[in-house]
Amino acid sequence: MNILDIITRKKNGLSLSYDELSFAFNGYLNKEIPDYQMSALLMAIVINGMNFTETLALTDIFLKSGDELHLGEKIENLVDKHSTGGIGDTTTIIIGPMCASLGMKMAKMSGRGLGITGGTIDKLESIPGFNVALSEEEFIKQVEETGFAVVSQTRNLTPLDKVIYALRDVTGTTESIPLIASSIMSKKLALGAKNILIDVKVGSGALMKTREDAEKLSKYLVEIGEAYNRNVRTVIGDMSAPLSYAIGNSLEICEAMNVLNGKKCPLYDACIEIVANLYDMTFSSGLEEGYKQAKYAIESKRALNKFYEFVHAQGGSLRNVHVADNKIKVHSKKSGIITRIDAYGAGELAAKLGASKKTLDDEIDYTVGIMLNKYVGEDVEKDDVLFTIYTNNPNIEFNESDFSFIEVNDGIE
Numbered sequence: 098m099n100i101l102d103i104i105t106r107k108k109n110g111l112s113l114s115y116d117e118l119s120f121a122f123n124g125y126l127n128k129e130i131p132d133y134q135m136s137a138l139l140m141a142i143v144i145n146g147m148n149f150t151e152t153l154a155l156t157d158i159f160l161k162s163g164d165e166l167h168l169g170e171k172i173e174n175l176v177d178k179h180s181t182g183g184i185g186d187t188t189t190i191i192i193g194p195m196c197a198s199l200g201m202k203m204a205k206m207s208g209r210g211l212g213i214t215g216g217t218i219d220k221l222e223s224i225p226g227f228n229v230a231l232s233e234e235e236f237i238k239q240v241e242e243t244g245f246a247v248v249s250q251t252r253n254l255t256p257l258d259k260v261i262y263a264l265r266d267v268t269g270t271t272e273s274i275p276l277i278a279s280s281i282m283s284k285k286l287a288l289g290a291k292n293i294l295i296d297v298k299v300g301s302g303a304l305m306k307t308r309e310d311a312e313k314l315s316k317y318l319v320e321i322g323e324a325y326n327r328n329v330r331t332v333i334g335d336m337s338a339p340l341s342y343a344i345g346n347s348l349e350i351c352e353a354m355n356v357l358n359g360k361k362c363p364l365y366d367a368c369i370e371i372v373a374n375l376y377d378m379t380f381s382s383g384l385e386e387g388y389k390q391a392k393y394a395i396e397s398k399r400a401l402n403k404f405y406e407f408v409h410a411q412g413g414s415l416r417n418v419h420v421a422d423n424k425i426k427v428h429s430k431k432s433g434i435i436t437r438i439d440a441y442g443a444g445e446l447a448a449k450l451g452a453s454k455k456t457l458d459d460e461i462d463y464t465v466g467i468m469l470n471k472y473v474g475e476d477v478e479k480d481d482v483l484f485t486i487y488t489n490n491p492n493i494e495f496n497e498s499d500f501s502f503i504e505v506n507d508g509i510e
């Protein structure tokens, strides 16, 4: 086979066989195919897509590039969850302790940021001492004892997805339903949970920009699960505005603790919905009971205490979580109502501060970000603080467009 022929076939909108996909992707993993050729193939896939047969094949190729843990056969009431990414989305860090406090167990393999969307691993690494590189034995032991553990993608689990994920992040090839579905499901299948909840985000700050795309991705995820005898359920959540008031790694850890303390916001609502579904999938309780239990996990502080236990078990020190010292307050120029907070624009501003990567070699600044003082639908007076910027660069310069993600309109529209 010839990689140029494979790139050309996909460029011309033709489907690729299992063997062709295996040749290209495993060749990249084995360093037989360079970045520039794999980037070309990924872009051709983004532009021309892949059918379900191709997507299922790529999922299998990702899965078979490494080990499978079959944790569902070893750990009772094991669940798994994934979010397709968004701005201010710390659902994993919140729902893991919630599930663990309700008798479920979650073994989570998470990724880093993709594009301007924050990654769970980046957020957890903003906690000094937090270890995301547990051995397989440590990982399983913590899930059994604590009920929740998070690791980054290891060398032995879906290593092909790991290198493709990193390349997509810096080549403008993140927004592809087949690539997203294959990436998500290969990681879920490698861990082995039978019950899997996928939180599919849609809106300006998500990888899926339209409801139609979100529904198509959901269909692919469920059907891949069925092919592997997994129970996959999806919920579709709005990401036109940030999910929480905090955008940036350390700030989002603080916001996660606020939600676990009972702070009501869209992030709280999303976590309640996810846990309610997982509870129903695990115990066949019905969604009404699932919602009741999810709210109880937070109201009773059991989930918060489980969060502290989880962080301590992985070596983290919440006392030493640090945010940038330089604060810039952005004030409203008029009175009115906040009618729009564009998630993508907010994510771009956080990226400008250094909260995410632009190239593979970039370093993330965990301490920078944005804290919203107001949210969509809230009244605002002239000179009220709309949001606070946290930066380590006191000389950073902003354009008017940097702040255009938030809009204040006069009166009631």
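Residue numbers for the sequence shown follow my numbering, beginning at 98 and rising by one. Think of the CB as a built atom: it goes at the ideal place given N, C-alpha and C, for glycine as much as any other residue. None of these values were measured; they are calculated from a predicted model.
Item                                                                                                                              : Value
Closest residue to methionine 336 among Met282, Gly183, Ile281 (Cα-Cα distance)                                                   : Gly183
Anticipated Cβ contact below 8 Å, tyrosine 441 with glycine 302, distance rounded                                                 : 5 Å
Simplified DSSP assignment, three categories, for lysine 298                                                                      : strand
Lysine 306 - DSSP class collapsed to helix/strand/coil                                                                            : coil
Alpha-carbon spacing of glutamate 510 relative to glycine 474, whole angstroms                                                    : Residue placement at glutamate 510 is poorly supported in this model, since its pLDDT is 38, which falls under 50; the coordinates are not used for a value here.
Closest by C-alpha distance to aspartate 439, when choosing among Lys431, Pro339, Ile467                                          : Pro339
Where serine 207 sits in the DSSP three-state scheme                                                                              : strand
Asparagine 358 versus tyrosine 365 - alpha carbon distance                                                                        : 10 Å
Contacting residues, own chain, Cβ-Cβ under 7 Å from lysine 107 (five flanking each side not counted)                             : Leu113, Leu138, Ala141, Ile142, Asn145
Segment limits, alpha helix (DSSP H) that includes asparagine 374                                                                 : 363-380
Any beta strand (DSSP E) of 3 or more consecutive residues that is wholly inside the stretch 412-440                              : 423-428, 433-438
Helix, strand or coil at threonine 105 [DSSP, three-state]                                                                        : helix
Isoleucine 509 in three-state terms, based on DSSP                                                                                : In this prediction, isoleucine 509 has a pLDDT of 42, which is less than 50 and means its spatial position is unreliable; what the coordinates show is noted afterwards. Residue state, collapsed to three classes: coil.
Among Arg209, Gly124, Gly193, the one whose alpha carbon lies nearest that of methionine 203                                      : Gly193
Best match in Phe407, Glu222, Pro256, Asn123 for proximity to lysine 238 [C-alpha to C-alpha]                                     : Phe407
Residue span of the alpha helix (DSSP H) that contains histidine 409, given as start and end                                      : 399-410
Whole-number beta carbon distance between leucine 153 and isoleucine 321, since they are thought to touch under 8 Å               : 6 Å
Among Gly387, Gln250, Pro131, Cys196, nearest to lysine 398 - alpha-carbon criterion                                              : Cys196
Beta-carbon proximity of alanine 421 to valine 465, cut-off 7 Å                                                                   : yes
Under the three-state DSSP convention, the category isoleucine 461 falls into                                                     : coil
Residues near glycine 273 in its chain [Cβ-Cβ closer than 7 Å; skip 5 each side]                                                  : Correcting the residue identity first, residue 273 is serine in this sequence and not glycine. The residues are Ile142, Val143.
Boundaries (first-last residue) of the alpha helix (DSSP H) holding phenylalanine 159                                             : 149-161
Residues bridged to threonine 485 (per DSSP)                                                                                      : Lys426, Met468
Per-residue burial, tyrosine 342 [other beta carbons within 10 Å of its own, 16 or more giving buried]                            : buried
Cβ neighbour criterion (16 or more within 10 Å) applied to lysine 298                                                             : buried
From Glu460, Leu257, Met201, Asn253, residue whose alpha carbon lies closest to that of lysine 403                                : Met201
Contacting residues, own chain, Cβ-Cβ under 6 Å from serine 488 (five flanking each side not counted)                             : Reading off the sequence, residue 488 comes out as threonine, not serine. Counting only Cβ-Cβ distances below 6 Å, and skipping sequence neighbours, we find Ala421, Asn423, Leu450, Val465.
Where serine 180 sits in the DSSP three-state scheme                                                                              : strand
Beta-carbon contacts of glycine 216 that lie in its chain and below 6 Å, excluding the five residues immediately before and after : Gly208, Arg209, Gly210
Inter-residue Cα distance where the pair is serine 162 and threonine 156                                                          : 10 Å
Cut-off 8 Å between Cβ atoms - residues of its own chain near aspartate 219, not counting five sequence neighbours on either side : Arg209, Gly210, Asn346, Ser453, Ile461, Tyr463
Simplified DSSP state of glycine 334, which is helix, strand or coil                                                              : strand
Continuous alpha helix (DSSP H) stretch holding serine 136: start and end                                                         : 132-145
Buried or exposed (CB count within 10 angstroms, at least 16 for buried), lysine 431                                              : exposed
Three-state secondary structure (DSSP) of isoleucine 344                                                                          : strand
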